[in-house]
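K.L.:
First, the structure itself, so that you have it in front of you.
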Amino acid sequence: MYETNYHRPKTVADAAALLAKSDEAKLLAGGQTLIPTMKQRLAAPSDVIDLRHIDDLKGITETGGGGVRIGAAVTHAEVAGSETVRRLIPALASLAGEIGDPHVRHMGTIGGSIANNDPAADYPGALVGLNATVTTNKRELSADDFFTGLFETALEPDEIVTAVTFPAPEKAAYAKYPNPASRYSMTGVFAAKLADGSVRVAVTGAGEDGVFRVAEMEQALSSNWSPDAVAGVKVSSGDMLSDIHGSADYRANLVTVMAKRAVAAAG
Amino acid sequence: MGVDGIGARVKRKEDRRFITGKGKYTDDMTVPGMGYAAFVRSPHAHAKVKSIDASAALDMPGVEAVLTGDQLVGDGVGNLICGWMIHSKDGTPMKMGAWRALEPEIVRFVGQAVAVVVADTLAQARDAAEAVVVDYEELPAVVDAVAAMEPGAPQLHPEAENNLIYDWEIGDEAAVNAAFDSARHVTSMEISNNRLVPNAMEPRAALADYDEAEEHYTLWTTSQNPHVARLVLSAFYNIAPEHKLRVIAPDVGGGFGSKIYIYPEEMVCLWASKRTGRPVKWVADRTEAFLTDAHGRDHKSHAEIALDENNKITALRVKTVANLGAYMSLFSSSVPTYLYATLLSGQYDIPAIHCNVKTVYTNTTPVDAYRGAGRPEATFLVERIMETTAREIGMDPAEFRRKNFITEFPHQTPVIMCYDSGDYNASLDAAMKAADYANFGARKAEAASRGKLRGIGMSCYIEACGIAPSQAVGSLGAGVGLWESAEVRVNPVGTIEVLTGSHSHGQGHETTFAQLVADRFGVGTDTVQIVHGDTDKVQFGMGTYGSRSGAVGMSAIVKALDKVEAKAKKLAAHLMEASEGDIVVEGGEFKVAGTDKSTPFFQLALAAYTAHNMPEGMEPGLKEGAFYDPTNFTFPAGTYICEVEIDPDTGKTEVVNFVAADDFGKIINPMIVEGQVHGGLTQGIGQALLENAAYDESGQLVTASYMDYCMPRADDVPSFNLMTTETLCPGNPLGMKGCGEAGAIGSPPAVINAITDAIGNNDLEMPATPERVWRALAAARPAQAAE
């Protein structure tokens with residue numbers, strides 16, 4: 001690890017001010033990507049701004065409309081174990097419970113995960129699949145607008161995610177096929193029927209631009225919510241990631257397989 | 001047997017310090033004034049080193065020195081060597097390319113060290129290592145062993161034309177060819193054995209301390225054989241004469257073979273300590289472990305088997321290409337020859353075997369022994385072709401094996417080995433019963449009703465342990481003898497220290513070796529201390545590898561115990577005024593048989609040291625040493641049966657049942673043996689399903705972290721169903737055969753046989769990743785896969 005300056009702000013405003021001061025500063029949310037990268041000397045931030053001690057970023061609350069608001073610094077373990085999340089959006093709690101391993105789940109945070117937007121991360125699937133809203137220190141964005149590409153988001157250089165708000169769906173489930181080595185998602189499909197009756201199918205882990213929706217599956221499920229409805233829908237392998245663990249063809253197959261399982265699990 | 005004696009499930013004495021975090025590993029050692037080493041490593045698989053500019057690094061804070069290969073060679077430090085001479089079939093010796101601990105001219109694999117920085121802190125050393133500017137001229141690289149032999153392939157060493165190290169053979173080729181000419185059935189197949197990274201939990205480490213006034217070196221290091229390390233460092237690398245070099249291998253966190261060898265880093269720390277005048281410590285990070293620990297396996301073979309009209313095997317013909325990487329590691333030459341081809345007879349009576357092995361240089365990390373070392377490759381080949389042959393001739397795989405089993409011992413195979421004992425039907429029967437082999441069909445049907453493909457596969461393995469008779473291995477090219485030594489030191493108060501040349505790095509010697517003593521003298525294991533891993537304390541030793549610490553190491557202890565017992569009996573007879581032949585040892589006391597006379601063991605020890613009343617001519621003290629040289633290899637064998645379920649949608653394999661019936665001969669501590677089998681099976685299942693050291697064409701190791709190199713985890717394996725059958729080894733006093741590697745040797749073919757049974761396609765390489773299985777399934781059942 002290279003030398004760096006560590007900051008522990010108490011407010012989002014202080015964190016934003018620190019972030020604005022340096023081009024080479026990095027936010028530390030849970031550190032599950034940043035710290036290993038720094039230890040391998042692949043990242044050399046001038047300043048590390050630790051968000052884990054800001055009270056405004058903590059807590060899980062039920063929103064007026066029956067949804068859930070999760071602070072950006074809430075850990076995966078907290079989401080997985082939250083009575084509120086389990087009651088209102090059990091698919092989200094189980095997704096959080098499948099991220100990494102117990103160490104990762106007790107350190108990693110939802111804000112850190114979505115701001116990093118690793119194409120193999122699980123949370124982007126839930127945000128897009130549930131049509132969540134991302135709140136930052138500057139504005140609110142829809143999940144569809146937030147994720148813009150591989151490790152890319154709509155966040156501006158001095159913008160900080162403060163919370164994510166999920167509407168409670170009518171039904172939803174996440175089916176994950178983990179990479180056997182890293183246990184990141186090799187293909188994860190989040191399928192949801194929202195309260196307004198609309199259907200979303202979001203895929204993470206497989207796409208070369210990160211999380212994506214499968215319109216053809218959403219249409220098929222709108223008229224017939226059943227695994228059979230998506231069984232015949234194939235995605236193009238041309239848009240899939242390919243690596244030593246799974247070729248694009250294999251991932252394209254997994255999208256259909258996991259979509260079927262997600263729909264079946266949602267009931 | 002006492003409560004702590006032979007056969008007892010004694011809990012491991014060493015676990016108290018390990019579980020409470022109080023183990024003392026090399027990285028826990030500190031010496032005042034210690035500096036830290038960081039190596040400058042090649043990012044290229046093959047390149048000329050045009051220049052090294054250390055000027056910026058030398059100006060950085062805390063930097064003591066930047067040392068390069070030119071200085072190392074100039075100081076007379078020797079090249080790394082391979083200590084087992086193999087001759088090609090034309091009689092020429094193997095072609096050993098020069099391997100320098102720091103390479104001044106041409107780097108040949110990614111991660112090879114070209115310079116070292118010594119600094120006050122580790123962070124300073126690493127910062128400075130990055131600031132060393134090395135000007136490389138890239139050369140074309142080759143990573144595949146078969147490709148490396150082709151005309152026009154990049155050449156690694158001038159000594160080795162077409163990168164060929166040796167072209168070796170064993171067996172009677174004419175007899176084999178004749179058998180094939182008259183065969184009723186021939187099965188032939190291509191068989192690969194995937195390359196693995198050892199991944200010991202503790203990475204390699206070294207702390208070298210040169211004492212200028214005494215001209216003496218001390219090296220703490222992660223070694224499975226500290227005396228061998230001292231011998232090699234002294235005799236071949238010119239570091240120091242043996243009496244001026246102390247090697248200490250303290251607690252070591254796993255080896256699996258990778259810590260047998262002397263590596264460049266340990267040599268460089270010793271040399272750098274003298275150069276800089278301060279102690280130098282280096283601890284590998286995980287990336288360095290991936291790039292520089294000797295890898296394992298990496299064979300490509302063509303195998304053919306010939307049967308007569310009764311489905312009896314008449315011959316086996318094998319051609320193997322083994323990838324040894326960029327340099328010949330310490331015992332690398334022996335692995336694909338005498339540790340591999342000599343086991344190709346398996347458990348079967350095969351009249352004629354011929355094997356040709358070509359070993360090849362490539363621009364990859366050197367390959368050497370890794371848990372099983374040659375025997376997993378032989379077992380995988382034999383058990384895959386046995387299974388395939390049974391399927392081709394339409395015979396039950398168990399019956400085909402049974403028909404060809406060796407049933408009489410001793411049995412001389414056509415490939416050197418003389419099997420001394422065994423009962424292969426017994427382990428096959430035990431495994432089939434435990435696996436409920438007869439009712440597999442019902443389980444397959446039930447799985448099919450859930451949409452799963454269920455398969456069953458077996459492996460009847462044999463291996464050779466207890467290496468090895470010194471004269472025999474000497475005649476085959478070994479540069480050392482492979483005996484073991486022990487010293488049993490009874491203290492005046494009756495506690496006992498056993499000094500052993502074996503080295504424990506996970507095996508539990510501090511417990512099992514103590515059980516031997518407890519059994520002999522009826523004392524508790526808590527009164528016995530096992531001393532190992534320090535060349536200043538232990539007389540000498542050849543170390544721990546090849547499942548030899550039981551059969552060889554403990555045999556040496558038994559010989560020393562025999563001498564102690566004999567002297568103690570003589571003394572007891574004198575003290576109790578009885579005949580020596582009437583003395584018996586019972587419950588910690590020396591008794592005169594048939595009387596009520598007895599002397600407690602501790603009183604006898606005290607009498608030996610006070611020496612007030614000794615038999616005429618007896619020397620004071622109670623301490624005896626012994627060297628034990630085995631008379632033969634030992635031959636653990638058994639049957640493993642694996643049952644899998646495949647998810648046809650994803651190709652994912654779940655091992656749903658795994659039965660292991662092993663014959664390890666006499667077992668000292670069943671709990672520790674079970675632990676060894678659990679670990680071995682998990683490594684073998686890991687090789688079959690998950691692990692693979694993959695290089696890209698340019699020679700970059702693309703699986704150089706746990707993000708990409710898939711280690712088996714607890715949820716990848718089932719709860720194992722273990723059992724043992726027992727035939728005693730006639731060659732050593734305890735009848736032990738060894739258990740350390742069997743699991744890793746026997747399990748991969750059982751897994752692959754089960755998967756190929758499930759999917760109906762025999763064309764499947766390790767690791768059988770979900771995608772490979774999915775594709776093999778699609779190839780076998782195109783209609784279903786396209787649904």
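In order, the protein sequence lines correspond to chains G and V. Read left to right, the first sequence gives residues 1 to 267 (UniProt numbering). Read left to right, the second sequence gives residues 1 to 787 (UniProt numbering). For glycine and all other residues, C-beta sits at the position ideal for the given N, C-alpha and C. Small disclaimer: the values here were computed from a predicted structure and weren't measured.
Give the DSSP bridge partners of isoleucine 260 of chain V, in chain order.
P.N.:
Paired residue(s): none; isoleucine 260 of chain V is not in a bridge.
K.L.:
Answer yes if the segment 154-162 of chain G comes into contact with the segment 222-238 of chain G, meaning at least three C-beta pairs across the two stretches below 8 Å, and no otherwise.
P.N.:
no
K.L.:
Quick check: what's the CA-CA separation for threonine 136 of chain G versus isoleucine 110 of chain G?
P.N.:
In this model, threonine 136 of chain G and isoleucine 110 of chain G are separated by some 13 Å (Cα to Cα).
K.L.:
To which residues of the same chain is tryptophan 99 of chain V closer than 6 Å at the C-beta, ignoring the five residues directly before and after it?
P.N.:
Result list for tryptophan 99 of chain V: Asn79, Leu80, Tyr327, in chain order.
K.L.:
Express the C-alpha separation of proline 366 of chain V and leucine 102 of chain V in angstroms, rounding to a whole number.
P.N.:
15 Å
K.L.:
Distance, Cα to Cα, alanine 160 of chain V vs threonine 362 of chain V?
P.N.:
11 Å
K.L.:
Does the beta carbon of tryptophan 774 of chain V come closer than 8 Å to any beta carbon on chain G?
P.N.:
yes
K.L.:
Check the Cβ of leucine 254 of chain G against every Cβ in chain V and list those closer than 8 Å, keeping chain order.
P.N.:
Chain-order list of chain V residues neighbouring leucine 254 of chain G: Thr650, by C-beta distance under 8 Å.
K.L.:
For arginine 251 of chain G, which three-state DSSP category applies?
P.N.:
helix
K.L.:
Alanine 77 of chain G touches chain V at which residues, Cβ-Cβ below 7 Å?
P.N.:
None at all; the shortest Cβ gap to chain V is about 19 Å.
K.L.:
Along the segment 95-116 of chain V, what residues have a CB closer than 9 Å to any CB found in chain G?
P.N.:
none
K.L.:
Is there a Cβ of chain G sitting closer than 8 Å to that of methionine 707 of chain V, yes or no?
P.N.:
Output row for methionine 707 of chain V: interface = yes.
K.L.:
With 9 Å as the C-beta to C-beta threshold (strictly closer), list the residues of the segment 221-247 of chain G near chain V in chain order.
P.N.:
Ala231, Asp243, Ile244, His245, Gly246, Ser247
K.L.:
Give a yes or no on contact between the segment 615-627 of chain V and the segment 485-505 of chain V, applying the rule of three or more CB pairs nearer than 8 Å.
P.N.:
yes
K.L.:
Starting from lysine 48 of chain V, follow its DSSP beta bridges and name the residues at the other end.
P.N.:
Its beta-bridge partners are V/Ile106, V/Glu137.
K.L.:
Please list the terminal residues of the continuous beta strand (DSSP E) segment that includes valine 161 of chain G.
P.N.:
Counting along the chain, valine 161 of chain G sits inside the beta strand (DSSP E) bounded by residues 161-166.
K.L.:
Quick check: what's the CA-CA separation for aspartate 708 of chain V versus leucine 241 of chain G?
P.N.:
15 Å
K.L.:
Is there a C-beta anywhere in chain G that falls below 8 Å from the one on leucine 777 of chain V?
P.N.:
no
K.L.:
Looking at aspartate 298 of chain V and asparagine 193 of chain V, is the spacing between their C-beta atoms short of 8 Å?
P.N.:
yes
K.L.:
Which residues, in chain order, does the segment 688-700 of chain V contribute to contact with chain G at a C-beta distance below 7 Å?
P.N.:
Leu690, Ala694
K.L.:
If you draw a straight line from the alpha carbon of glycine 59 of chain G to that of valine 74 of chain G, how long is it in whole angstroms?
P.N.:
Annotation: glycine 59 of chain G to valine 74 of chain G spans about 6 Å, alpha carbon to alpha carbon.
K.L.:
State the Cα-Cα distance for the pair glutamate 787 of chain V and phenylalanine 212 of chain G, rounded to the nearest angstrom.
P.N.:
Note that glutamate 787 of chain V has pLDDT 42, beneath the 50 cutoff, so the model's placement of it is unreliable and no number is given.
K.L.:
Could you give the distance in angstroms between the alpha-carbon of leucine 734 of chain V and the alpha-carbon of aspartate 4 of chain V?
P.N.:
Going by the C-alpha atoms only, they are around 16 Å apart.
K.L.:
Alanine 200 of chain V to valine 538 of chain V, Cα distance in whole Å?
P.N.:
Rounded to whole angstroms, alanine 200 of chain V to valine 538 of chain V spans 25 Å at the Cα level.
K.L.:
If you measure beta-carbon to beta-carbon, which residues of the segment 35-66 of chain V are closer than 8 Å to chain G?
P.N.:
none
K.L.:
Checking the sheet assignment: what are the DSSP bridge partners for threonine 135 of chain G?
P.N.:
G/Glu140, G/Ala163
K.L.:
Just to confirm the assignment: which complete alpha helix (DSSP H) runs, minimum length 4, are found wholly within the segment 489-536 of chain V?
P.N.:
509-521
K.L.:
Okay, do the segment 275-286 of chain V and the segment 163-179 of chain V touch, 3+ Cβ pairs below 8 Å being the bar?
P.N.:
no
K.L.:
Please name the residues in the segment 176-197 of chain V whose beta-carbon is closer than 8 Å to at least one beta-carbon of chain G, in chain order.
P.N.:
none
K.L.:
Since valine 368 of chain V and isoleucine 406 of chain V are thought to touch, with beta carbons under 8 Å apart, how far apart are those beta carbons, to the nearest angstrom?
P.N.:
Position check: residue 368 of chain V holds aspartate in this sequence, whereas valine was assumed. 30 Å between Cβ atoms; not a contact.
K.L.:
Sort V/Pro712, V/Ser698, V/Leu681, V/Glu510 by Cα distance to arginine 16 of chain V and report the nearest one.
P.N.:
V/Glu510
K.L.:
Could you please give the first and the last residue of the uninterrupted beta strand (DSSP E) stretch that includes alanine 758 of chain V?
P.N.:
Alanine 758 of chain V -> not in any beta strand (DSSP E); alpha helix (DSSP H) instead, spanning 742-759.
K.L.:
Output needed for valine 656 of chain V: all residues of its chain with C-beta closer than 8 Å, excluding positions within five of it in sequence on either side, in chain order.
P.N.:
Arg454, Glu643, Val644, Glu645, Pro718
K.L.:
So is arginine 139 of chain G buried or exposed if we call it buried at 16+ other beta carbons inside 10 Å?
P.N.:
exposed
K.L.:
Using 8 Å as the limit for Cβ to Cβ distance, is glutamate 771 of chain V near chain G?
P.N.:
So, interface residue.
K.L.:
Figure out for me which residue from V/Leu219, V/Ile745, V/Glu674 has the closest Cα to the Cα of isoleucine 685 of chain V.
P.N.:
V/Ile745
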